[in-house]
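Residue numbers (my numbering): 362 to 522.
Every residue gets a Cβ at the ideal spot worked out from N, C-alpha and C, and that includes glycine.
Note that the structure is a prediction, hence the values are computed from the model and not measured.
Structure first, then comments.
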Amino acid sequence: NVIPYIGGEEEKSEQEPLKIWGHIENGKIVKTDDIAITAQCIRVPVSDGHTAAVFMSFKDGVKKPSVEEIIKIWESYKGRAQELELPSAPKQFLHYFTEPDRPQIKSERNLENGMAVSVGRLREDTQYDYKFVCMSHNTLRGAAGGAVLLAELLCAEGYMD
């Protein structure tokens, strides 16, 4: 059965990249407002993975980056978890695949112990600036692993005794 809804997943797919492309101000993440993203996530029964088709446009007046520039940003992105080299953190958070039939759940879901996000098929769109596909392990990157990584981050940042 295919279910055309995954609670909260579309919002995450639309908001999380805005944090990645944002900046830190007064110790808080400020999302970029230079881009708008829309996503529709559909539940397809596969073992341990979420896949999203994402469409994005840049704000008027913002120079539209090239496909190569976007891929370079994705491949070089390092969040606080990578900077601190936390035990559960993937060395490389975002993995971009150039093959047209990737990412795939079975071959990519366990990248970086299931904590990485796989991205592929970035290309220009006829209605939006770009579209791409992304995939993550819904248990390891999502619920369980995400909670462990957050605990590691809180400890590393001195929020826990």
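Using the rule of at least 16 other Cβ atoms within 10 Å of the residue's Cβ for burial, across every protein chain shown, is residue i buried or exposed?
i              : result
valine 415     : buried
asparagine 387 : exposed
proline 365    : exposed
arginine 470   : buried
isoleucine 385 : exposed
cysteine 402   : buried
glycine 506    : buried
leucine 501    : buried
Measuring alpha carbon to alpha carbon, tell me which residue in the options is nearest residue i.
i                 : options                        : result
phenylalanine 419 : Gly410, Gly507, Asp395, Val405 : Asp395
threonine 412     : Asp490, Tyr520, Ile367         : Ile367
histidine 456     : Pro448, Leu447, Ser449, Lys433 : Lys433
glutamine 488     : Cys516, Thr399, Leu510, Met521 : Thr399
lysine 492        : Glu375, His384, Leu472         : Glu375
serine 468        : Asp409, Glu446, Leu445         : Asp409
glycine 503       : Asn362, Val363, Glu370         : Glu370
leucine 483       : Leu501, Ser497, Thr459, Leu472 : Thr459
asparagine 362    : Lys373, Val405, Asp486, Ser437 : Val405
methionine 496    : Glu430, Leu472, Gly383, Glu372 : Leu472
Please report the residue range of the alpha helix (DSSP H) in which residue i lies.
i              : result
lysine 433     : 428-437
glycine 506    : 505-517
glutamate 444  : 441-444
isoleucine 367 : Segment: none, isoleucine 367 is in no alpha helix (DSSP H) and carries neither H nor E.
isoleucine 385 : First-last for isoleucine 385: 384-386, but that is the beta strand (DSSP E), not the alpha helix (DSSP H).
Return yes when the Cβ of residue j is within less than 8 Å of the Cβ of residue i, no when it is not.
i              : j              : result
leucine 379    : lysine 392     : yes
proline 464    : valine 494     : yes
aspartate 522  : methionine 417 : no
leucine 511    : alanine 450    : no
isoleucine 466 : valine 428     : no
For the beta strand (DSSP E) containing residue i, list its first residue and its last residue.
i           : result
leucine 379 : Per DSSP, leucine 379 belongs to no beta strand (DSSP E); it is in the alpha helix (DSSP H), 370-381.
Are the segment 419-426 and the segment 439-455 touching by the rule of at least three beta carbon pairs closer than 8 Å? No, the segment 419-426 does not touch the segment 439-455.
Check whether the segment 445-456 and the segment 468-484 touch, using three or more Cβ-Cβ pairs below 8 Å as the test. yes
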